[in-house]
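Below: the structure, in structure tokens.
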Amino acid sequence: MRIAVVTMCSSPRLQHLERQLEAVGASIGTTPDVVERIVVWIGHDEPPALDAERVIHVPPGPDGLRLAAGRNAGAALAIEHGAELLVFLDADCVPGPALLPRYREASDRHVDAVLCGPVTYLQPGTDVSDVRVLAAATAPHPARPNPPADDERVATADEYPLFWSLSFATSATTWSATTGFEEGYEGYGGEDTDFAFALREAGTPLVWVGGAHAYHQYHETQRPPWQHLDDILRNGARFAARWGSWPMTGWLEAFAEAGAVRNVDGDWVRVQPTGRSSSSTAATRSLATGSGA
Numbered sequence: 605m606r607i608a609v610v611t612m613c614s615s616p617r618l619q620h621l622e623r624q625l626e627a628v629g630a631s632i633g634t635t636p637d638v639v640e641r642i643v644v645w646i647g648h649d650e651p652p653a654l655d656a657e658r659v660i661h662v663p664p665g666p667d668g669l670r671l672a673a674g675r676n677a678g679a680a681l682a683i684e685h686g687a688e689l690l691v692f693l694d695a696d697c698v699p700g701p702a703l704l705p706r707y708r709e710a711s712d713r714h715v716d717a718v719l720c721g722p723v724t725y726l727q728p729g730t731d732v733s734d735v736r737v738l739a740a741a742t743a744p745h746p747a748r749p750n751p752p753a754d755d756e757r758v759a760t761a762d763e764y765p766l767f768w769s770l771s772f773a774t775s776a777t778t779w780s781a782t783t784g785f786e787e788g789y790e791g792y793g794g795e796d797t798d799f800a801f802a803l804r805e806a807g808t809p810l811v812w813v814g815g816a817h818a819y820h821q822y823h824e825t826q827r828p829p830w831q832h833l834d835d836i837l838r839n840g841a842r843f844a845a846r847w848g849s850w851p852m853t854g855w856l857e858a859f860a861e862a863g864a865v866r867n868v869d870g871d872w873v874r875v876q877p878t879g880r881s882s883s884s885t886a887a888t889r890s891l892a893t894g895s896g897a
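With the working numbering, you'll find the sequence shown wraps up at 897, consecutive numbering, no jumps.
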């Protein structure tokens, strides 16, 4: 089988990507399948030299990184060059040694499905080049199903919002039967849940794949993600207009608790600092930019 591993990256995650490419390269030598690494560079700059078979550049749009368009472009390039199975990995993620074979086995058994494996968030300093270290660190995120290592489970209708674009796979045939990701989403958030809702509406099975472990490399982050507040409001409104409900409600509620947004008749909007004291206004600006947390 011809397998394409499709990854998106920009310069802040270059080192993470390089470790991922090394791990995929190591997997290539242990499988009879033909595996190609496809990198979609989504930064403003031109992509650097990368240890990948194919590289394509999808620059940002007016509202930020084009994650949806990037995944679509990577999938199109992979299919153009004969890929039969598409494996999508976040640039932060390295595959466990069983990820590619488990996705391949699951695809054989669920030919019309989108497949999702478990993801473990690693601690700082974890040596991702040592499979024994990864095995010892395996602790998949508890919010998503984690079937036994040799098993798969078809998602229920109410589990589709748990779809995670960090690690998923599907056959080229199934991908081509979908509309891909909605490219109106730019910047952080919303496009992966939108994709999942479209799969559910079309009746495309979502399957949880045990043993297809991916490992998310550590990097600093903010909780909630203040640097993405405007993206979350913009993309959340787009999602709500299409599906009748807002995604990312956990983040929105955290922003609301801090006084940065509020819910108005079912929609989330920014709280303007007009009329507040200077100290309150400065605190709101600090929160909104992520500079003061």
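Note that CB positions come from ideal geometry on N, CA and C, so glycine has one too.
- Scanning its chain for C-beta atoms nearer than 6 Å, with the 5 sequence neighbours on each side dropped, one finds around A627 the residues V698 and P699, in chain order.
- In the three-state DSSP reduction, G793 falls in the coil class, being neither helix nor strand.
- Membership of P699 in the beta strand (DSSP E) is indicated by the continuous run C697 to P699.
- Excluding residues up to 5 positions away in sequence, E756 lie with their Cβ nearer than 8 Å to the Cβ of R713 in the same chain.
- Sequence-distant partners of V723 (beyond 5 residues in either direction) whose C-beta falls short of 6 Å from its own C-beta, in its chain, are H745, L770, S771, A818 and H820.
- Contact between the region 805–812 and the region 827–837 is absent, with fewer than three C-beta pairs closer than 8 Å.
- Taking each of V643, H685, V638 and I607 in turn and checking the Cα distance to H620, the smallest one comes out for V643.
- Here the alpha carbons of G863 and Y764 stand approximately 30 Å from one another.
- The beta carbon of S631 is closer than 6 Å to those of L704 in its chain, skipping five residues each way along the sequence.
- Under the 8 Å Cβ criterion, the region 672–682 does not count as touching the region 731–741, having fewer than three qualifying pairs.
- Annotation: the region 784–868 contains the following complete segments of the alpha helix (DSSP H) (minimum length 4 residues), in chain order: 795–806, 833–847 and 853–861.
- If you look at S711, you'll find it in the alpha helix (DSSP H) that goes L703 to R713.
- Here DSSP, grouped into helix, strand and coil, assigns H661 to strand.
- By DSSP's assignment, I642 forms a beta bridge with V610 and R658.
- Under DSSP, G668 shares a beta bridge with G665.
- 7 Å or more divides the Cβ of E622 from the Cβ of E640.
- Within the same chain, A741 and Y822 come within 8 Å of Q727 by CB-CB distance, once the 5 residues on both sides are set aside.
- Sixteen is the threshold: when 16 or more other Cβ atoms of the shown chains lie within 10 Å of the Cβ of G840, as they do, the residue is buried.
- Taking the CA atoms as reference points, D754 sits about 35 Å from I646.
- Taken through DSSP and simplified to helix, strand or coil, S775 comes out as strand.
- Excluding the 5 residues flanking it on each side, S614 has same chain C-beta neighbours closer than 6 Å at I646 and G647, in chain order.
- Distance from the CA of R708 to the CA of L719, rounded to the nearest whole angstrom, comes to 10 Å.
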